[in-house]
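K.L.:
Residue numbers (UniProt numbering): 1 to 253.
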(Lines of atoms letter the chains of each structure in order from A and count residues from 1; the text may use other names and numbers.)
(Lines give C-alpha, C1' and ligand atoms only; values in the text may rest on other atoms or scores of the structure.)
Protein backbone atom coordinates (compact mmCIF):
# COMPACT_ATOMS: atom_id res chain seq x y z
CA UNK A 1 0.00 0.00 0.00
CA UNK A 2 1.48 3.31 -1.12
CA UNK A 3 0.86 6.32 1.10
CA UNK A 4 -0.18 9.56 -0.59
CA UNK A 5 -1.62 12.82 0.74
CA UNK A 6 -3.55 15.35 -1.33
CA UNK A 7 -4.29 18.81 0.03
CA UNK A 8 -7.61 19.78 -1.50
CA UNK A 9 -9.24 23.19 -1.54
CA UNK A 10 -13.00 22.81 -1.05
CA UNK A 11 -13.84 26.34 -2.15
CA UNK A 12 -15.89 29.00 -0.36
CA UNK A 13 -18.84 26.86 0.76
CA UNK A 14 -21.23 26.18 -2.11
CA UNK A 15 -20.59 22.51 -3.02
CA UNK A 16 -21.13 23.32 -6.70
CA UNK A 17 -17.99 25.48 -6.59
CA UNK A 18 -15.85 22.41 -5.90
CA UNK A 19 -13.47 21.76 -8.80
CA UNK A 20 -13.66 18.60 -10.91
CA UNK A 21 -10.15 17.64 -9.82
CA UNK A 22 -11.15 18.01 -6.17
CA UNK A 23 -14.17 15.76 -6.70
CA UNK A 24 -11.99 13.06 -8.27
CA UNK A 25 -9.55 13.20 -5.36
CA UNK A 26 -12.39 12.86 -2.84
CA UNK A 27 -13.89 9.92 -4.75
CA UNK A 28 -10.57 8.05 -4.70
CA UNK A 29 -9.58 8.79 -1.09
CA UNK A 30 -9.31 6.05 1.52
CA UNK A 31 -9.47 8.62 4.33
CA UNK A 32 -10.59 12.26 4.41
CA UNK A 33 -9.59 14.69 7.15
CA UNK A 34 -11.76 17.77 6.75
CA UNK A 35 -12.10 21.25 8.26
CA UNK A 36 -15.03 22.23 10.46
CA UNK A 37 -16.45 24.71 7.94
CA UNK A 38 -16.52 22.24 5.05
CA UNK A 39 -19.99 21.87 3.55
CA UNK A 40 -21.01 18.30 4.39
CA UNK A 41 -22.54 17.94 0.91
CA UNK A 42 -18.98 17.79 -0.41
CA UNK A 43 -18.39 14.58 1.54
CA UNK A 44 -21.13 12.81 -0.42
CA UNK A 45 -18.56 12.31 -3.17
CA UNK A 46 -16.53 10.02 -0.88
CA UNK A 47 -16.74 6.27 -1.34
CA UNK A 48 -18.67 4.38 1.34
CA UNK A 49 -15.54 2.67 2.68
CA UNK A 50 -13.61 5.90 3.21
CA UNK A 51 -12.92 7.06 6.75
CA UNK A 52 -14.20 10.59 7.38
CA UNK A 53 -12.83 12.65 10.26
CA UNK A 54 -13.43 16.28 11.19
CA UNK A 55 -10.21 17.89 12.38
CA UNK A 56 -11.23 21.52 12.01
CA UNK A 57 -10.55 24.38 14.38
CA UNK A 58 -13.49 26.49 15.57
CA UNK A 59 -13.42 29.29 18.13
CA UNK A 60 -15.10 28.25 21.39
CA UNK A 61 -15.44 24.59 20.40
CA UNK A 62 -13.34 21.48 20.90
CA UNK A 63 -10.78 21.29 18.15
CA UNK A 64 -7.44 19.81 17.20
CA UNK A 65 -4.23 21.81 17.37
CA UNK A 66 -2.11 22.04 14.24
CA UNK A 67 0.48 19.62 15.62
CA UNK A 68 -2.27 17.08 16.26
CA UNK A 69 -3.64 17.53 12.75
CA UNK A 70 -0.19 17.00 11.24
CA UNK A 71 0.24 13.74 13.15
CA UNK A 72 -3.25 12.55 12.19
CA UNK A 73 -2.45 13.09 8.52
CA UNK A 74 0.67 10.94 8.83
CA UNK A 75 -1.10 8.22 10.84
CA UNK A 76 -3.88 7.98 8.27
CA UNK A 77 -1.46 8.00 5.35
CA UNK A 78 0.43 5.01 6.75
CA UNK A 79 -2.72 3.14 7.83
CA UNK A 80 -5.10 3.89 4.96
CA UNK A 81 -3.06 4.86 1.90
CA UNK A 82 -4.66 7.70 -0.07
CA UNK A 83 -5.51 10.59 2.24
CA UNK A 84 -7.32 13.79 1.31
CA UNK A 85 -6.81 16.74 3.61
CA UNK A 86 -9.88 18.80 2.76
CA UNK A 87 -9.54 22.48 3.55
CA UNK A 88 -11.90 25.42 3.11
CA UNK A 89 -11.20 27.84 0.29
CA UNK A 90 -7.67 27.34 -1.04
CA UNK A 91 -5.17 25.34 1.04
CA UNK A 92 -2.46 27.98 0.71
CA UNK A 93 -4.51 31.08 1.57
CA UNK A 94 -4.49 31.38 5.37
CA UNK A 95 -5.08 27.64 5.58
CA UNK A 96 -1.68 26.55 6.94
CA UNK A 97 -1.55 24.18 4.01
CA UNK A 98 2.14 24.64 3.36
CA UNK A 99 2.94 23.73 6.97
CA UNK A 100 1.08 20.46 6.46
CA UNK A 101 2.83 19.84 3.14
CA UNK A 102 6.27 20.31 4.72
CA UNK A 103 5.43 18.02 7.63
CA UNK A 104 4.12 15.22 5.41
CA UNK A 105 7.05 15.44 2.99
CA UNK A 106 9.47 15.13 5.93
CA UNK A 107 8.21 11.54 6.25
CA UNK A 108 8.94 10.83 2.59
CA UNK A 109 5.25 10.72 1.69
CA UNK A 110 4.12 12.03 -1.69
CA UNK A 111 2.01 15.20 -1.46
CA UNK A 112 -0.14 16.81 -4.13
CA UNK A 113 -2.05 20.08 -3.95
CA UNK A 114 -5.39 20.81 -5.62
CA UNK A 115 -6.17 24.54 -5.48
CA UNK A 116 -9.60 25.73 -4.41
CA UNK A 117 -11.63 28.86 -5.14
CA UNK A 118 -10.82 31.34 -2.39
CA UNK A 119 -13.63 33.04 -0.48
CA UNK A 120 -11.64 36.25 -0.79
CA UNK A 121 -12.83 36.63 -4.38
CA UNK A 122 -15.76 34.20 -4.63
CA UNK A 123 -17.81 35.68 -1.79
CA UNK A 124 -17.66 39.28 -3.07
CA UNK A 125 -18.49 37.99 -6.56
CA UNK A 126 -21.53 36.14 -5.21
CA UNK A 127 -22.81 39.54 -4.03
CA UNK A 128 -21.92 41.16 -7.39
CA UNK A 129 -19.00 43.07 -5.88
CA UNK A 130 -15.87 43.17 -8.06
CA UNK A 131 -12.66 43.38 -6.06
CA UNK A 132 -11.16 45.44 -8.89
CA UNK A 133 -12.92 47.80 -11.30
CA UNK A 134 -11.61 50.42 -13.67
CA UNK A 135 -11.85 53.82 -12.06
CA UNK A 136 -12.59 52.39 -8.60
CA UNK A 137 -9.75 50.05 -7.61
CA UNK A 138 -6.60 48.99 -9.43
CA UNK A 139 -5.56 46.40 -6.86
CA UNK A 140 -6.78 44.51 -3.83
CA UNK A 141 -5.36 43.29 -0.55
CA UNK A 142 -6.34 39.97 1.00
CA UNK A 143 -5.57 39.92 4.70
CA UNK A 144 -6.24 37.90 7.80
CA UNK A 145 -7.35 40.10 10.68
CA UNK A 146 -4.86 38.82 13.23
CA UNK A 147 -1.33 37.53 13.50
CA UNK A 148 -0.43 34.20 15.12
CA UNK A 149 -0.71 35.81 18.57
CA UNK A 150 -4.27 37.01 18.00
CA UNK A 151 -3.23 40.66 17.69
CA UNK A 152 -4.55 42.85 14.87
CA UNK A 153 -2.38 42.39 11.79
CA UNK A 154 0.15 45.12 11.08
CA UNK A 155 -0.60 44.74 7.37
CA UNK A 156 -4.09 46.15 7.91
CA UNK A 157 -2.49 49.36 9.13
CA UNK A 158 -0.66 49.57 5.80
CA UNK A 159 -3.69 48.67 3.69
CA UNK A 160 -5.74 51.43 5.31
CA UNK A 161 -3.36 54.00 3.84
CA UNK A 162 -4.13 52.94 0.25
CA UNK A 163 -7.15 53.35 -2.03
CA UNK A 164 -7.15 49.64 -2.84
CA UNK A 165 -9.96 47.21 -2.13
CA UNK A 166 -9.27 45.49 1.19
CA UNK A 167 -10.66 42.00 1.82
CA UNK A 168 -10.28 40.83 5.41
CA UNK A 169 -10.84 37.21 6.40
CA UNK A 170 -11.68 36.19 9.95
CA UNK A 171 -12.06 39.82 10.96
CA UNK A 172 -15.56 40.25 12.39
CA UNK A 173 -14.33 40.14 15.99
CA UNK A 174 -11.79 42.86 15.20
CA UNK A 175 -14.27 45.15 13.45
CA UNK A 176 -14.05 48.00 15.97
CA UNK A 177 -10.26 48.14 15.70
CA UNK A 178 -10.43 48.06 11.90
CA UNK A 179 -13.03 50.84 11.81
CA UNK A 180 -10.93 52.99 14.13
CA UNK A 181 -7.90 52.65 11.86
CA UNK A 182 -9.89 53.95 8.90
CA UNK A 183 -11.39 56.78 10.90
CA UNK A 184 -7.91 57.92 11.93
CA UNK A 185 -7.22 58.31 8.21
CA UNK A 186 -10.44 60.35 7.80
CA UNK A 187 -11.98 57.50 5.80
CA UNK A 188 -15.19 57.05 7.75
CA UNK A 189 -17.29 57.42 4.59
CA UNK A 190 -15.55 54.61 2.70
CA UNK A 191 -18.06 51.86 1.71
CA UNK A 192 -17.87 48.51 3.47
CA UNK A 193 -19.70 45.18 3.26
CA UNK A 194 -19.69 42.21 5.60
CA UNK A 195 -20.86 38.90 4.17
CA UNK A 196 -21.69 35.97 6.45
CA UNK A 197 -21.84 32.37 5.16
CA UNK A 198 -20.85 33.52 1.69
CA UNK A 199 -22.08 31.47 -1.34
CA UNK A 200 -24.43 29.41 0.87
CA UNK A 201 -28.23 29.57 1.02
CA UNK A 202 -27.84 31.09 4.49
CA UNK A 203 -25.70 33.93 3.10
CA UNK A 204 -26.37 37.27 4.77
CA UNK A 205 -24.82 40.62 3.85
CA UNK A 206 -24.81 44.12 5.27
CA UNK A 207 -23.68 47.31 3.54
CA UNK A 208 -22.71 50.68 4.90
CA UNK A 209 -19.74 52.91 5.53
CA UNK A 210 -17.03 52.69 8.14
CA UNK A 211 -19.12 55.18 10.15
CA UNK A 212 -22.25 52.99 10.19
CA UNK A 213 -21.11 49.38 9.91
CA UNK A 214 -20.74 48.61 13.62
CA UNK A 215 -24.35 49.54 14.29
CA UNK A 216 -25.52 47.51 11.29
CA UNK A 217 -23.52 44.49 12.44
CA UNK A 218 -25.29 44.55 15.81
CA UNK A 219 -28.73 45.13 14.29
CA UNK A 220 -28.36 42.23 11.84
CA UNK A 221 -26.48 39.98 14.30
CA UNK A 222 -23.64 39.25 11.89
CA UNK A 223 -21.41 36.44 13.15
CA UNK A 224 -18.41 34.45 11.96
CA UNK A 225 -17.70 33.00 9.48
CA UNK A 226 -17.82 36.23 7.53
CA UNK A 227 -15.55 38.32 5.36
CA UNK A 228 -15.16 42.08 5.21
CA UNK A 229 -14.79 44.04 1.97
CA UNK A 230 -13.73 47.68 2.19
CA UNK A 231 -13.40 50.11 -0.71
CA UNK A 232 -15.18 52.05 -3.43
CA UNK A 233 -16.05 48.82 -5.26
CA UNK A 234 -18.64 48.09 -2.58
CA UNK A 235 -20.66 51.10 -3.76
CA UNK A 236 -20.97 49.44 -7.18
CA UNK A 237 -23.39 46.98 -5.59
CA UNK A 238 -25.88 49.82 -5.18
CA UNK A 239 -25.59 50.60 -8.90
CA UNK A 240 -26.39 46.96 -9.70
CA UNK A 241 -29.47 47.06 -7.46
CA UNK A 242 -30.69 50.28 -9.05
CA UNK A 243 -30.31 48.77 -12.53
CA UNK A 244 -32.15 45.60 -11.48
CA UNK A 245 -35.03 47.61 -10.03
CA UNK A 246 -35.18 49.76 -13.18
CA UNK A 247 -35.35 46.64 -15.34
CA UNK A 248 -38.15 45.21 -13.20
CA UNK A 249 -40.11 48.43 -13.51
CA UNK A 250 -39.51 48.50 -17.27
CA UNK A 251 -40.70 44.96 -17.86
CA UNK A 252 -43.49 45.45 -15.35
CA UNK A 253 -44.90 48.19 -17.54
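For every residue, glycine included, the Cβ atom is placed at its ideal position computed from N, Cα and C.
Terminal residues of the continuous alpha helix (DSSP H) containing residue 191?
P.N.:
It is not in any alpha helix (DSSP H) - residue 191 instead sits in the beta strand (DSSP E) that spans 191-196.
K.L.:
If you compare alpha carbons, which of 11, 21 and 118 is closest to residue 39?
P.N.:
Taking only the C-alpha atoms, the option nearest residue 39 is 11.
K.L.:
What first and last residue would you give for the alpha helix (DSSP H) that runs through residue 125?
P.N.:
Taken as a continuous stretch (DSSP letters only), the alpha helix (DSSP H) holding residue 125 covers 119-126.
K.L.:
Suppose the cutoff is 6 Å on Cβ atoms and the five residues either side in sequence are ignored; what does the same chain contact list for residue 172 look like?
P.N.:
224 and 226.
K.L.:
Do residue 199 and residue 126 have their C-beta atoms closer together than 7 Å?
P.N.:
For residue 199 and residue 126, yes; Cβs fall inside 7 Å.
K.L.:
Which class does residue 5 belong to by DSSP, given the choice of helix, strand or coil?
P.N.:
Reduced to three states, the DSSP call for residue 5 is strand.
K.L.:
Taking the alpha-carbon positions, what's the residue 2 to residue 85 distance?
P.N.:
Those two C-alpha atoms are separated by around 16 Å.
K.L.:
Taking 7 Å as the cut-off, decide whether the C-beta atoms of residue 168 and residue 145 are in contact.
P.N.:
Yes, the Cβ-Cβ distance between residue 168 and residue 145 is below 7 Å.
K.L.:
Can you tell me where the beta strand (DSSP E) with residue 259 in it begins and where it stops?
P.N.:
Outside the shown range of the chain (1 to 253) lies residue 259, about which nothing can therefore be said.
K.L.:
Opposite residue 64 in the DSSP bridges: which residues?
P.N.:
Answer by DSSP bridge pairing: none, since residue 64 is not bridged.
K.L.:
Excluding five sequence neighbours on each side, which residues of the same chain lie with their C-beta closer than 7 Å to the C-beta of residue 73?
P.N.:
Here the set comprises 5, 33, 83, 85, 100 and 104.
K.L.:
Would you mind sorting residue 75 into buried or exposed? The rule is 16 or more other CB atoms within 10 Å of its CB.
P.N.:
Flag for residue 75 reads exposed.
K.L.:
Quick one: residues in its chain with C-beta nearer than 7 Å to the C-beta of residue 179, no 5 flanking neighbours on either side, listed in chain order?
P.N.:
Excluding positions up to five away in sequence, the list reads 210, 213 and 214.
K.L.:
Could you please give the first and the last residue of the uninterrupted alpha helix (DSSP H) stretch that includes residue 176?
P.N.:
From DSSP, the alpha helix (DSSP H) with residue 176 extends over 175-184.
K.L.:
By the DSSP assignment, the alpha helix (DSSP H) with residue 110 in it spans what residues?
P.N.:
That residue, residue 110, is in no alpha helix (DSSP H); its beta strand (DSSP E) goes 110-114.
K.L.:
Taking a contact to mean a Cβ-Cβ separation below 7 Å, would you say residue 25 touches residue 114 in this structure?
P.N.:
Yes, the pair counts as a contact, with Cβ atoms nearer than the cut-off.
K.L.:
Examine chain C for any beta-carbon lying closer than 7 Å to the beta-carbon of residue 80, and answer yes or no.
P.N.:
Here there is only one protein chain, and chain C is not present.
K.L.:
Looking at the unbroken alpha helix (DSSP H) that takes in residue 21, where does it start and where does it end?
P.N.:
That run of the alpha helix (DSSP H) goes 20-28.
K.L.:
Restricting to Cα atoms, I'd like to know which of 71, 231 and 220 is closest to residue 187.
P.N.:
Of 71, 231 and 220, the residue nearest in Cα terms is 231.
K.L.:
List the DSSP bridge partners of residue 32.
P.N.:
Its beta-bridge partners are 52 and 84.
K.L.:
Would you kindly work out how many angstroms separate the C-alpha atoms of residue 237 and residue 165, rounded to a whole number?
P.N.:
Roughly 14 Å between the two C-alpha positions.
K.L.:
Quick check: what's the CA-CA separation for residue 50 versus residue 56?
P.N.:
About 18 Å.
K.L.:
Please report the straight-line C-alpha distance between residue 108 and residue 17, rounded to a whole angstrom.
P.N.:
Taking the straight line joining both Cα atoms gives about 32 Å.
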